[in-house]
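For reference, the structure discussed in these notes is given below.
Number of protein chains: 2
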Amino acid sequence: MTRAWAAGLDMGGTNIRCAAVSASGGDVILMEHGPSHASRQAAAVAENIAAQLTHLLDTARRRGLGSPRAIGVAVPGPLNVYSGTVMQAPHVGAWRGYPLRSNLEALIGRMVVVENDANAWALGECWRGAARGRRDVVLLTLGTGVGGGLIVGGKLVHGRSGMAGELGHVTVDPDGPRCDCGSHGCLESYASASGLRGLVEQRLGLSPGAPLPPQIVDSEKNFSVRGLSAQARRGDKLALEAFATAGYYLGIAIASFLNIFNPELVVIGGGVAGAIPYMRKTMMTQVRERAFTTIASQAKIVRAALGPRGGVVGAAYAALHPPTRS
Amino acid sequence: MTRAWAAGLDMGGTNIRCAAVSASGGDVILMEHGPSHASRQAAAVAENIAAQLTHLLDTARRRGLGSPRAIGVAVPGPLNVYSGTVMQAPHVGAWRGYPLRSNLEALIGRMVVVENDANAWALGECWRGAARGRRDVVLLTLGTGVGGGLIVGGKLVHGRSGMAGELGHVTVDPDGPRCDCGSHGCLESYASASGLRGLVEQRLGLSPGAPLPPQIVDSEKNFSVRGLSAQARRGDKLALEAFATAGYYLGIAIASFLNIFNPELVVIGGGVAGAIPYMRKTMMTQVRERAFTTIASQAKIVRAALGPRGGVVGAAYAALHPPTRS
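Chains A and B are the protein sequences, given in the same order. Per the working numbering: the first sequence ends with 330, consecutive numbering throughout. Per the working numbering: the second sequence ends with 330, consecutive numbering throughout.
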């Protein structure tokens, strides 16, 4: 007995997740992992994605699942969802105006839907996660950067070319630090792993990229939000201050999103979301001070439910409900 | 020969406009004016609106136009568009959680649609104005305060209870001046008549409400944006600086709206929009510095086309296309 399913692939900076997802309920039937090789040439990165998809399709066929009804690929960074062109991807330097969809379709000989990873996650949370059945949802992904996905009236907001939802790049402090996007004082400059690293460096008087204290780096000497959280748990002042500042700006941004969207739900996901306990106090103070009381009282702020599965489940949903020009 | 029409009423802080608007093309067939008596008791303000509507309906009948197909009322401030309850209206102090729709319906014996005035204006601009045929539009009204209306995929964004689109109350500077909404550093604290007055007072070292120089007040000694514009035209440094600051923050907000919505069009209306020539330089610098280049290149920033008719045309449109819970 086979059941209808879609393939969903989530392209991260380091790893790729690739899954067979049931079309009816969004269950992950089969999950595979692989490296994303994001530093390779543009075409080689796409060939690697195509190989991962082909592998999943082969495994599924061998297990008697048959062919997928649709294939969706979630990638970081703004893209034109209609043409399938990736404008710029933070972890894939070679992708600048790269026609990912058409190249993937040529490689695997099937139609592919390409979606921004935070948008896909928002779709996934509405389908299977914390926002199930909700119609007006703001999703924030706090990871290396800050991504966003907007659901208005039950539909993903794409905007003119599918680049809407760049919620990490609203200004929360006009005089704030430089952001990777070229602006400064973006939400991402504070409430992301790179933002927190910057806050720590600033407090320690370190130049960007200088070696950090051993408690807050991982085995490869990279800044670790988990390490900073552990320090906060121990009551370390530096860690608590960094999280308090990130929470302050996160609260400012959420208050603006509340006044803009009057949502039912603000869903927060991503690796930095685990540190929300250390950001909550300053965050909620700003939400209370800045959002209209009636609007704030109608919205819950909750953690994302899907975790690492969010991208693949959402990519599968996007494939099953391909975007149409509004 | 009669043609189908709707009644649209626009409730301002001082005046009411009330019009018969053709259902097919949004033409204003008949327009009446009256005082809004906004400082009266809550019920008396509503009775005055009902009297204006009744007067319009009588005039229309006498002129052989027959009855309207629908009646729409645009009011300032956040409201629950589904229940027709006005949460708080900046110029109608007595309306706090006031059930305007049901009371108007009881007074005139007909169904009424109540909509936020900036939302109505956005609908009007898409129907008949600068955004005709556009599907993704951000409208900003720069008046005494700053209002907003959002069109996403051709539909007005209402959010959970119809209070979405409070674009004047996004934070553009966390340490900015107090805003009437209770927050501080809102867009409205800069790019509105009240914001500009505050900027002038600050530069002159005046306490809020103190007498202003005669060049920038009207015949009733109230602050006049037109007067400040005339000063800017003469090269007055104070006026040019105030507008440059307002434009700076307006540009910051517009850049955020671009990154959030990826719109086709940003439409700017209201009395302060006439001073855009004095704000444009600082505004556009911030838009260029802060919005994603691809997104900014896809959006035009234009003046609203409907002017004072925006509210009544939009209220009529809202009445003809009543909001449904998404």
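By construction, the Cβ of each residue, glycine as well, lies at the ideal position given by its N, Cα and C atoms.
query	result
Inter-stretch contact (C-beta, 8 Å, three-pair minimum) for the stretch 130-147 of chain A and the stretch 274-281 of chain A	yes
Reduced DSSP secondary structure (H/G/I, E/B, other) of T145 (chain A)	strand
Cβ-Cβ separation, G314 (chain B) to E129 (chain B) (assumed contact under 8 Å), whole Å	7 Å
Integer-rounded CB distance, given that L254 (chain B) should sit under 8 Å from V306 (chain B)	With 8 Å as the limit, V306 (chain B) and L254 (chain B) do not qualify as a contact, their Cβ atoms being about 14 Å apart.
Nearest neighbour of L127 (chain B), chosen from B:G169, B:P178, B:S87, B:M91 [CA to CA]	B:G169
Rounded separation between W125 (chain B) and V317 (chain B) - CA only	7 Å
Contact belief for G101 (chain A) with M91 (chain A) at Cβ below 8 Å, rounded distance in angstroms	6 Å
Minimum Cβ-Cβ distance from D177 (chain A) to chain B less than 8 Å	yes
Closer than 8 Å to chain B by CB, C185 (chain A)	yes
Chain A contacts from the stretch 277-304 of chain B (Cβ-Cβ distance under 9 Å)	Q290, E293, R294, A295, F296, T297, T298, I299, Q302, A303
Proximity to G137 (chain B) [Cα-Cα], best of B:G153, B:A122, B:G157	B:G157
Separation of M167 (chain B) from A110 (chain A), as counted between CA atoms	46 Å
Partner residues on chain B for P80 (chain A), Cβ-Cβ distance less than 7 Å	Those within 7 Å of P80 (chain A) in chain B number zero; the least Cβ separation is about 14 Å.
Classification of E224 (chain A) by the beta-carbon crowding that lies within 10 angstroms, buried from 16 upward	exposed
Residues from the stretch 237-261 of chain B in contact with chain A, defined by Cβ distance under 7 Å	I256, A259, S260
Length-filtered (4 minimum) alpha helix (DSSP H) runs lying within the stretch 213-273 of chain A	229-237, 241-265
The ligand FAD heavy atom lying under 7 Å from the CB of A250 (chain A)	For the structure depicted, the ligand FAD is absent and the ligand set is empty, with no information on it obtainable.
Contacting residues, own chain, Cβ-Cβ under 8 Å from R284 (chain A) (five flanking each side not counted)	G251
When B:L310, B:P103, B:I264, B:G239 are compared against L154 (chain B), the one with the closest alpha-carbon	B:I264
Reference L34 (chain A), options A:H41, A:S28, A:C22, A:A259, closest by Cα	A:C22
Per-residue contacts from A168 (chain B) into chain A (C-beta, under 9 Å)	D140, V156, N263, I264, F265, N266, P267, I299
Beta-carbon proximity of G199 (chain B) to E192 (chain B), cut-off 8 Å	yes
Inter-residue spacing [alpha-carbon to alpha-carbon] between R337 (chain B) and W131 (chain A)	Because chain B here runs from 5 to 330, residue 337 (chain B) falls outside it and cannot be looked at.
Rounded straight-line distance, which links the Cα of R67 (chain B) to that of P267 (chain B)	42 Å
S198 (chain A) - DSSP class collapsed to helix/strand/coil	helix
M91 (chain B) at chain A interface by Cβ criterion, 8 Å	yes
8 Å Cβ cutoff, V118 (chain A) in contact with chain B	no
Nonlocal neighbours in the same chain, by C-beta distance under 6 Å from Y282 (chain A), ignoring five residues either side	A236, F247
V79 (chain B) versus G133 (chain A): straight-line alpha-carbon distance, rounded	38 Å
Sequence ranges, alpha helix (DSSP H) only - wholly within the stretch 77-135 of chain B, length at least 4	104-112, 121-132
Residue range of the unbroken alpha helix (DSSP H) whose run includes H162 (chain A)	From DSSP, H162 (chain A) is part of no alpha helix (DSSP H); its letter is neither H nor E.
Sequence-distant residues of the same chain with beta carbon closer than 7 Å to Q290 (chain A), five excluded per side	Y252, G255, I256, A259
Assigned secondary structure, T328 (chain A) (DSSP; H/G/I helix, E/B strand, else coil)	coil
Sequence-distant residues of its chain with Cβ nearer than 8 Å to P327 (chain B) (five each side left out)	V85, Y86, V117, E119, L160, H162, G166
7 Å Cβ shell around A319 (chain A) - same chain, five flanking residues per side excluded	G12, L13, D14, G76, V77, A78, E119, A124
I299 (chain B) to R292 (chain B) span [Cα, whole Å]	10 Å
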